[in-house]
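So for the sequence shown, the UniProt record's numbering puts the first residue at 1; every next one is plus one.
Ideal placement from N, C-alpha and C gives every residue a C-beta, glycine not left out.
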Amino acid sequence: MKKWFEFWKLRCDCIPTITIATSLGKSRQAVSKALLAINGRR
Numbered sequence: 001m002k003k004w005f006e007f008w009k010l011r012c013d014c015i016p017t018i019t020i021a022t023s024l025g026k027s028r029q030a031v032s033k034a035l036l037a038i039n040g041r042r
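Rendered as structure tokens:
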């Protein structure tokens with residue numbers, strides 16, 4: 001849950017998904033899926 005909050009907070013700060021993914025060592029797709037799950041969309 002903590003990771004999801006980090007993803008969400010970074011995204012709300014207008015940081016592009018690819019930048020979030022690179023900084024966390026994750027794929028862009030993984031970050032996108034996590035953000036969609038947080039927002040309740042699948």
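- Per DSSP, S27 is not a residue of any alpha helix (DSSP H), being assigned neither H nor E.
- The beta carbon of R28 is closer than 6 Å to those of T17, I18 and A21 in its chain, skipping five residues each way along the sequence.
- Annotated three-state conformation of I20 is helix, per DSSP.
- Burial of A34 is indicated by the presence of at least 16 other C-beta atoms within 10 angstroms of its C-beta.
- Under the three-state reduction of DSSP, C14 is assigned to coil, being neither helix nor strand.
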